[in-house]
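From first to last, the protein sequence lines are chains H and L. The UniProt record's numbering numbers the first residue of the first sequence as 1 and each following residue consecutively. The UniProt record's numbering numbers the first residue of the second sequence as 1 and each following residue consecutively.
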Amino acid sequence: MTTAPIKFYQVGSYAIGNRLLPSAAGSVQSDADRTNALTSGHRACQGCGEALGARYALDAAMRVANNKVITVNATGCLEVFSTPYPETSWRIAWLHSLFGNAPAVATGIAAALKAKGRTDIRVVGQGGDGATVDIGFGALSGMFERNDDVLYICYDNEAYMNTGVQRSGATPPAARTSTTQAVGEAPGNVFGQGKNLPRIAMAHEIPYVATATVADLRDLENKVEKAMQMRGARYLHVLVPCPLGWGSQSCDTVKIARLATESGLFPVFEAERGEVTASKKIRRQVPVEEYLKLQARYGHLFSPKRRDDVIDHLQAMADRNIVRYDLLESAGE
Amino acid sequence: MLKQIEGSRAVAEAVAVCRPEVICAYPISPQTHIVEGLSRMVKSGELLGCEFVNVESEFAAMSVAIGASATGARAYTATASQGLLYMIEAVYNASGLGLPIVMTVANRAIGGPINIWNDHSDAMSQRDCGWIQLYAETNQEAADLHVQAFKIAEELSLPVMVCMDGFILTHAYEQVDVPEQEQVDKFLPPFVPRQVLDPANPVSIGAMVGPEAFTEVRYITHANTLRALDVIPEVAKEFEGVFHRHSGGLIRPYKCAGAETVVIALGSMLGTIKDVVDEQREAGVSIGVLGIISFRPFPFDVVRTALRNATRVIIIEKAFSLGIGGIVAENIRMALAGIDIAKYTVIAGLGGRQITKASLHELFETAVTDDLRALTFLDLDQELVDTEIAKTRVQS
Numbered sequence: 001m002t003t004a005p006i007k008f009y010q011v012g013s014y015a016i017g018n019r020l021l022p023s024a025a026g027s028v029q030s031d032a033d034r035t036n037a038l039t040s041g042h043r044a045c046q047g048c049g050e051a052l053g054a055r056y057a058l059d060a061a062m063r064v065a066n067n068k069v070i071t072v073n074a075t076g077c078l079e080v081f082s083t084p085y086p087e088t089s090w091r092i093a094w095l096h097s098l099f100g101n102a103p104a105v106a107t108g109i110a111a112a113l114k115a116k117g118r119t120d121i122r123v124v125g126q127g128g129d130g131a132t133v134d135i136g137f138g139a140l141s142g143m144f145e146r147n148d149d150v151l152y153i154c155y156d157n158e159a160y161m162n163t164g165v166q167r168s169g170a171t172p173p174a175a176r177t178s179t180t181q182a183v184g185e186a187p188g189n190v191f192g193q194g195k196n197l198p199r200i201a202m203a204h205e206i207p208y209v210a211t212a213t214v215a216d217l218r219d220l221e222n223k224v225e226k227a228m229q230m231r232g233a234r235y236l237h238v239l240v241p242c243p244l245g246w247g248s249q250s251c252d253t254v255k256i257a258r259l260a261t262e263s264g265l266f267p268v269f270e271a272e273r274g275e276v277t278a279s280k281k282i283r284r285q286v287p288v289e290e291y292l293k294l295q296a297r298y299g300h301l302f303s304p305k306r307r308d309d310v311i312d313h314l315q316a317m318a319d320r321n322i323v324r325y326d327l328l329e330s331a332g333e
Numbered sequence: 001m002l003k004q005i006e007g008s009r010a011v012a013e014a015v016a017v018c019r020p021e022v023i024c025a026y027p028i029s030p031q032t033h034i035v036e037g038l039s040r041m042v043k044s045g046e047l048l049g050c051e052f053v054n055v056e057s058e059f060a061a062m063s064v065a066i067g068a069s070a071t072g073a074r075a076y077t078a079t080a081s082q083g084l085l086y087m088i089e090a091v092y093n094a095s096g097l098g099l100p101i102v103m104t105v106a107n108r109a110i111g112g113p114i115n116i117w118n119d120h121s122d123a124m125s126q127r128d129c130g131w132i133q134l135y136a137e138t139n140q141e142a143a144d145l146h147v148q149a150f151k152i153a154e155e156l157s158l159p160v161m162v163c164m165d166g167f168i169l170t171h172a173y174e175q176v177d178v179p180e181q182e183q184v185d186k187f188l189p190p191f192v193p194r195q196v197l198d199p200a201n202p203v204s205i206g207a208m209v210g211p212e213a214f215t216e217v218r219y220i221t222h223a224n225t226l227r228a229l230d231v232i233p234e235v236a237k238e239f240e241g242v243f244h245r246h247s248g249g250l251i252r253p254y255k256c257a258g259a260e261t262v263v264i265a266l267g268s269m270l271g272t273i274k275d276v277v278d279e280q281r282e283a284g285v286s287i288g289v290l291g292i293i294s295f296r297p298f299p300f301d302v303v304r305t306a307l308r309n310a311t312r313v314i315i316i317e318k319a320f321s322l323g324i325g326g327i328v329a330e331n332i333r334m335a336l337a338g339i340d341i342a343k344y345t346v347i348a349g350l351g352g353r354q355i356t357k358a359s360l361h362e363l364f365e366t367a368v369t370d371d372l373r374a375l376t377f378l379d380l381d382q383e384l385v386d387t388e389i390a391k392t393r394v395q396s
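Set out below in structure tokens:
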């Protein structure tokens, strides 16, 4: 699939409006006949990044697979807010088993479909960061290693939001969670820990690994479409801000996701068979502070006493990503 | 077909002719030979239309089976001991979702201390997990119970655990009439799932159920489980019609009718017990045996009927509840509530210890004169434990 680079930075938010695109390239979300995997009426919070990401990702997957998709959901917000019995927001074949086994359940579905000769039906596993990087990590690694025909999508909101914002292996350093509170000498989460799951996924040399955010839904859709055109184990890691857990305004979800990318803290890239093949370029790197200050989980870095040492440490992490993934747009472009 | 065959191999061949579609397993002794056999059959093309998945843990094994079963595939796995414990969360989930998975448990002790040999601690720990539990006495029965298990499971939309004693059965070579494809095809229809993940007719499976409906959901599962008490004997009868041998059912009485003393047990130790009972009978003792095949659900009524005229029962079991005593015994007490029958619990064969005829003779002789303690550990080195316990008391 080829995607033409689009550089219509027509509004202050750098958003790209459909009206500036050729109609064929317009977002399917604006189509009355669009697929609707996760329909309205669910119980997600206002401004939930996960609900937004999941809807776009699954709709894109269904589009590629002619609606023939089965999805497995790990326990977590997405599962809880979408299926309070006897209601469901899923208009897609959907199974929830446990917190830590979604990748293995997805493997079982893929194996069943293969045994039945129904490889036209595609399997998508999905879970939050807790389910993916922590409790379901073994199952995910096993699924990768066997190269099972599953697209697994992690909606990363960087903590256990469903249980009340506890730290996960994906919680960034310095962030306040209910188990890494903003108290003591080193308030918030510690530095030097945490798992970079996209890189771990790449180490399995699976066909496709990509990251995305809800700030660029077209990019997310494109990556899902690309992943769905491949077979084998594929991994998509989507940053989904959580107003509740991050202490941010509901209206800032997309903005914060964009700042995560533009600061360099969350690199958006693609990798195939263990090698980075593309990264989303940043036109102008913003200081991490712009990203941090919108979130109460980093409030202790600014008040009562400004912690430049910690902010600098986070800036250094962002700067490292800039180099590592070659994120800056070159001057000549 | 009659074969001189290892128990594990007999089970593998029996499972294969049930036309499984997804088999997954993680290695743990003494279950390994079963899945090794099946993996070879799938790889060689002998077992067609089946995917064999080498998973990274027992938790994943049961999870793969859950996904496969929910997609309408006949799913099978096998485990034992620590492996069963490692998959518990998924074991409960499979029964809660009503997925008719069949699993062999090659019964083995659980640690610590680590012990790879046979007893029933593993399966007994899962007596409340919502799976049907069937215990095989012989390898013939182990093979047959697997064929019946798929039928029972799919009829009830509930998972079934077939328990066979690790090593004693799994690794024993004996004559087994291995079920053949044409026979099994007559007996076991293709799997028609009660609900299935199908993009053409999408359903949400595994929704969150709150306090307003959870009791009802669990009650319905309870009622469905109790229905197994009718289905298990029916399936055994149908099996006999096709295979011309009796296998399975809820219980198996042996010289039980009219016996003053009845010995109750599960699994392979029934063989040794029956030999001893035969010898006791020759010596004029009024003694019989009641084998329990279906431990879950527990057949209270038929057990009560079978035992109601006995003077005493001796329950021999290969697991126990620490600080409490017998597990099977507790169920026997419930079955015999209100009937005046002396009950002796004997814990035997833990961690692979041999249950010898000599020990059983002595045990039964003590029991028939009512000189047995209510809870006995067979062949316990009393002197050793007394010394050790005394030492701990001095230290503290």
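Idealized CB from N, CA, C, for every residue including glycine. On a predicted model such as this, the values are computed, not experimentally measured, just so you know.
Annotated as proximal: P159/L and I101/L, with beta-carbon spacing under 7 Å. Under the three-state reduction of DSSP, S330/H is assigned to coil, being neither helix nor strand. Residue-level contact by beta carbon fails for T221/L and chain H, as no gap is shorter than 7 Å.
Annotation: the continuous alpha helix (DSSP H) that includes S82/H extends over C77 to S82. Identification of chain L residues near L113/H by a Cβ-Cβ cut-off of 8 Å yields T71, ordered along the chain. The Cβ neighbour count for H120/L, taken over all protein chains shown within 10 Å, is at least 16; the residue is labelled buried. Here L48/L is exposed: its Cβ has fewer than 16 other Cβ atoms, across all protein chains shown, within 10 Å. Under the three-state reduction of DSSP, Q193/H is assigned to coil, being neither helix nor strand. Contact between Q126/H and L95/H does not hold, since the beta-carbon distance rounds to 11 Å and is not under 8 Å. Within the same chain, G49, T253, I256 and A257 come within 6 Å of P241/H by CB-CB distance, once the 5 residues on both sides are set aside. Counting other Cβ atoms within 10 Å of its Cβ, P304/H stays below 16 and is therefore classed as exposed.
The beta-carbon distance between I205/L and A70/L, rounded to whole angstroms, is 6 Å. This is short enough to meet the 8 Å contact definition.
Residue pairing for Q133/L: DSSP places it in a beta bridge opposite M161/L and R296/L. As summarised for the region 250 to 287 of chain L, the continuous alpha helix (DSSP H) elements at least 4 residues long and confined to that stretch are 269 to 282, given in chain order. Taken atom to atom, the span from the alpha-carbon of G130/H to that of V64/L is near 20 Å. In this structure Q280/L is buried. Its beta-carbon is surrounded by 16 or more other beta-carbon atoms within 10 angstroms.
Pairing T177/H with V165/H gives a Cβ-Cβ distance under 7 Å. Nearest in C-alpha terms to A25/L, of all of A80/L, G7/L and E13/L, is A80/L. Among the bridge pairs identified by DSSP, F52/L is matched with I23/L. When C-beta distances to chain H are compared with 7 Å, the residues of the region 194 to 211 of chain L below that value are L197, D198, P199, P202, V203, S204, I205, G206, A207, M208, V209 and G210, in chain order.
By the rule that beta-carbons nearer than 7 Å mark a contact, G108/H touches chain L. Around the beta-carbon of P27/L, fewer than 16 other beta-carbon atoms lie within 10 Å, marking it exposed. For F187/L, the enclosing alpha helix (DSSP H) covers residues Q181 to F187. The straight-line gap separating the alpha-carbon atoms of A306/L and I339/L is approximately 13 Å. Under the rule that a run must span 3 or more residues, the beta strand (DSSP E) segments found entirely inside the region 37 to 97 of chain H read 69 to 73 and 93 to 96.
Here DSSP, grouped into helix, strand and coil, assigns A319/L to coil. Under the rule that a run must span 3 or more residues, the beta strand (DSSP E) segments found entirely inside the region 90 to 172 of chain H read 93 to 96, 122 to 128 and 151 to 156. At least one CB of chain H lies nearer than 7 Å to the CB of N93/L. Taking a contact as a CB-CB distance under 8 Å, the pair A102/H and G136/H counts as one, their CB atoms being some 6 Å apart. The Cβ neighbour count for K151/L, taken over all protein chains shown within 10 Å, is at least 16; the residue is labelled buried. Annotated as proximal: V262/L and G288/L, with beta-carbon spacing under 7 Å. In the three-state scheme derived from DSSP, where H, G and I count as helix and E and B as strand, A203/H is classed as helix. Within the region 208 to 243 of chain L, the runs of alpha helix (DSSP H) that reach at least 4 residues and sit entirely inside it are, in chain order, 214 to 243.
Every beta strand (DSSP E) stretch that sits fully inside the region 258 to 328 of chain H and reaches 3 residues is listed by chain position as 269 to 272 and 275 to 279. For C50/L, the chain H residues whose Cβ falls inside 8 Å of its Cβ are A115, in order along the chain. Listed along the chain, the chain H residues whose CB falls inside 8 Å of the CB of A90/L are S97, L98 and N101.
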